[in-house]
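Novice: This is the structure, below, for whatever I ask next.
Protein chains in written order, with my numbering: chain A, 12 to 521; chain B, 14 to 120.
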């Protein structure tokens, strides 16, 4: 065993003279075994000079320790080089007297190197975490939160060209103006990474300032160029600026070198709205004309940067693909639409540009009642899986007689199915422990499910947290929150159960 | 609407290197077990192309979607090359909203 071990093992007598040594000791100390035995251990590993100087030394003291003693040390090789060791000595006691010690030691070079790497990794990790935090804070600063405006659904999705540089030259802005109008801008600056973000931010702020100062739409881009040119002579950017009145649906668009905006009707017809102009930073920058249109109920405005249409093929083909995609997804919840547009447009693409998509939908109640609405719906059922399709079919039949859009019917049928499944899973086996109810509240459709279970604390994450694709369950709440405007969980008034309620607005005529 | 309320069914046709699975009706928490056992009955799919025809699937909710994703995922784990054929608009929408559309190619 002594011969096979990787550790050096020596026996020393009370004077520190080596009485035996194993082959590993000879190998580590680079001396033949016969040179070791009979020599002083301290002389061998630290040199005779150190012994004479009386330097205090764990090796020299090893025979004096009363118990096993561990320390770190540096050992010398005959060529004068040294190496770190982990060193252990155990006294040999014979009949109550210490007669020597067994000393084991191993080369700690690798161990020290590992510790050093570990230290480096810890420092780097801390630095990276700090950098990520800075980037995150900057992103927050750069991306304004979604304004809540009645009658408007808004969402944006941004995918940087380089995931390690999470901001780039694509930027958006949205802001509610003092009069209640909404100001939107999408900017695509030439360049990548943080310098491009900085340039894009200056454009965002210039446009915002000019809009607040009341500059007319047709002068916005030209004036922004005049302001920026003095301080940012190298800045080149395409922009599209929109001004939207939520109360009337009127939309003004001014552009400069930017690809056309899309307006998608709920039926899936797509209009390309070119707002022509010369990009910022070019001679005579500015917009040529202001597009003036009105969004109807359910119309969706889509603004984007050219990454969305240039990812796979040329821009003409890209635009045609995007138009087709926009038509197919015309009634998707706006909350997820920009993400889906970006995902689908870039599927399989060898992408090299930042990509941004922004969607705005006009949400107003339908104008006329083609059909009279039915009274409230209620169905009680027991906590059986078989009861779920039955409840859903009954609710579906009720929905078909409501004067509402087919999309709302489809979505609310899914919502009802989720609520019923949730109730069945939570309820007791008592007969008719669950209920599904629905009614009209003004222009809103309310659907709720009740069960007699202990209830739950509500959703763990909101509709912005996309489930993992392969996840085996837990998409129900995500889906429900994606399809409705309000989602609440309340305890039943008698405390003996839970009521989950969903509300979708602007479904019924007012 | 008749299609969407059709009760659930799963048929498997095996022809050489190609397995065709035809699903119909509604997939929800109630029919999820039948979907799982139907797909499990497909048998050895190693190296074979499994085409799942979902054109007659009228309704799917999140429980149905989870059962579909795990069942098809297990076919793929067993070495099958899985694709979906003719999904309805509702199914595509559900796939895209929940972010699972990139999992299985659509024929």
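Glycine included, C-beta positions come from ideal geometry on N, C-alpha and C.
For chain A, find out if any of its Cβ atoms is closer than 8 Å to the Cβ of residue 120/B; answer yes or no.
Specialist: No - not a single Cβ of chain A is within 8 Å of the one on residue 120/B.
Novice: Could you compute how far the alpha carbon of residue 292/A sits from the alpha carbon of residue 486/A?
Specialist: 47 Å
Novice: Rounded to whole angstroms, what is the Cα-Cα separation between residue 171/A and residue 124/A?
Specialist: 38 Å
Novice: Under 8 Å between C-beta atoms, does residue 74/B make it to chain A?
Specialist: yes
Novice: For chain A, find out if any of its Cβ atoms is closer than 8 Å to the Cβ of residue 58/B; answer yes or no.
Specialist: no
Novice: I'd like to know whether the C-beta of residue 32/A is nearer than 8 Å to at least one C-beta of chain B.
Specialist: no
Novice: Tell me, to the nearest whole angstrom, how far the beta carbon of residue 306/A is from that of residue 274/A; I am working on the premise that it is less than 8 Å.
Specialist: 7 Å
Novice: Would you say residue 25/B reaches chain A, if we count a Cβ-Cβ gap shorter than 8 Å as a contact?
Specialist: no
Novice: Taking the alpha-carbon of residue 38/A as reference, which of 371/A, 25/A, 17/A has the nearest alpha-carbon?
Specialist: 17/A
Novice: Could you give the residue range of the beta strand (DSSP E) that holds residue 2/B?
Specialist: Any answer about residue 2/B is impossible in this case: the structure gives chain B only from 14 up to 120.
Novice: Give the list of continuous beta strand (DSSP E) stretches no shorter than 3 residues that lie fully inside the stretch 238–299 of chain A.
Specialist: 248–255, 261–267, 272–275, 281–284
Novice: Judging by CA-CA distance, which residue of 508/A, 507/A, 514/A, 506/A is the nearest neighbour of residue 491/A?
Specialist: Taking each of 508/A, 507/A, 514/A, 506/A in turn and checking the Cα distance to residue 491/A, the smallest one comes out for 514/A.
Novice: In the structure shown, what three-state DSSP assignment does residue 111/A receive?
Specialist: Residue state for residue 111/A is assigned as strand, using DSSP reduced to three classes.
Novice: Mind checking residue 518/A: buried by the 16 CB within 10 Å criterion, or exposed?
Specialist: Buried is the call here.
Novice: Determine whether the Cβ of residue 334/A lies closer than 8 Å to any Cβ atom of chain B.
Specialist: no
Novice: Label residue 309/A either buried or exposed according to how many other C-beta atoms from any shown protein chain fall within 10 Å of its C-beta, with 16 as the threshold for buried.
Specialist: buried
Novice: Residue 112/B versus chain A: which residues are under 7 Å apart at the beta carbon?
Specialist: 477, 478, 480
Novice: Indicate whether at least one CB of chain B lies closer than 8 Å to the CB of residue 493/A.
Specialist: Output row for residue 493/A: interface = yes.
Novice: Evaluate the contact criterion for the stretch 212–219 of chain A versus the stretch 253–263 of chain A: three or more CB pairs, one atom per stretch, below 8 Å.
Specialist: no
Novice: So, under 8 Å CB-CB, residue 40/B and residue 80/B are touching, yes? Tell me the CB distance rounded to an integer number of Å.
Specialist: 7 Å
Novice: Going along chain A, which residues have a C-beta under 8 Å from residue 49/B?
Specialist: Within 8 Å Cβ-Cβ: nothing; residue 49/B doesn't reach chain A, min ~11 Å.
Novice: Expressed to the nearest angstrom, what Euclidean distance is found between the alpha-carbon atoms of residue 545/A and residue 137/A?
Specialist: Absent from the structure is residue 545/A, since the part of chain A shown begins at 12 and ends at 521.
Novice: Please list, in chain order, the residues of the stretch 295–322 of chain A that have any C-beta partner in chain B closer than 7 Å.
Specialist: none
Novice: Quick one: Cα of residue 113/B to Cα of residue 478/A, how far?
Specialist: Whole-angstrom Cα-Cα distance: 9 Å.
Novice: Which value, in whole angstroms, describes the spacing of the CA atoms of residue 118/A and residue 98/A?
Specialist: Pairing residue 118/A with residue 98/A, the inter-Cα distance amounts to about 9 Å.
Novice: If distances are taken between C-alpha atoms only, which option among 108/A, 242/A, 164/A, 41/A comes closest to residue 255/A?
Specialist: Relative to residue 255/A, the option among 108/A, 242/A, 164/A, 41/A whose CA is nearest is 164/A.
Novice: Near residue 58/A, which residues of its chain fall below 7 Å by C-beta distance, leaving aside the five closest residues on each side in sequence?
Specialist: Only 87 meet the Cβ criterion.
Novice: Going along the chain, which residues of its own chain have a beta-carbon closer than 7 Å to the beta-carbon of residue 499/A, five neighbours each way excluded?
Specialist: 512
Novice: Leaving out five residues before and five after residue 462/A in sequence, what residues of the same chain have Cβ atoms less than 7 Å from its Cβ?
Specialist: 434, 437, 438, 444, 445, 508, 509
Novice: Terminal residues of the continuous beta strand (DSSP E) containing residue 87/B?
Specialist: Counting along the chain, residue 87/B falls outside any beta strand (DSSP E), though it belongs to the alpha helix (DSSP H) covering 75–90.
Novice: I need the boundaries of the beta strand (DSSP E) containing residue 376/A, first residue and last residue.
Specialist: That residue, residue 376/A, is in no beta strand (DSSP E); it is neither H nor E in DSSP.
Novice: When we look at the beta-carbon of residue 17/B and count the other beta-carbons within 10 Å, is it buried (16 or more) or exposed?
Specialist: In this prediction, residue 17/B has a pLDDT of 45, which is less than 50 and means its spatial position is unreliable; what the coordinates show is noted afterwards. With a 10 Å radius around the Cβ and a threshold of 16 neighbouring Cβ atoms, residue 17/B comes out buried.
Novice: Do we get a CB-CB distance below 8 Å when we pair residue 37/B with the residues of chain A?
Specialist: no
Novice: Using a Cβ-Cβ cutoff of 9 Å, what residues of the stretch 72–101 of chain B are near chain A? List them in chain order.
Specialist: 72, 73, 74, 75, 76, 77, 78, 79, 80, 82, 83, 86
Novice: With the cut-off set at 8 Å, would you say residue 330/A and residue 340/A are in Cβ contact?
Specialist: no
Novice: Below 8 Å on the Cβ atoms is my guess for residue 541/A versus residue 199/A; work out the distance and round it to an integer in Å.
Specialist: There is no way to answer for residue 541/A, as the model of chain A reaches only from 12 to 521.
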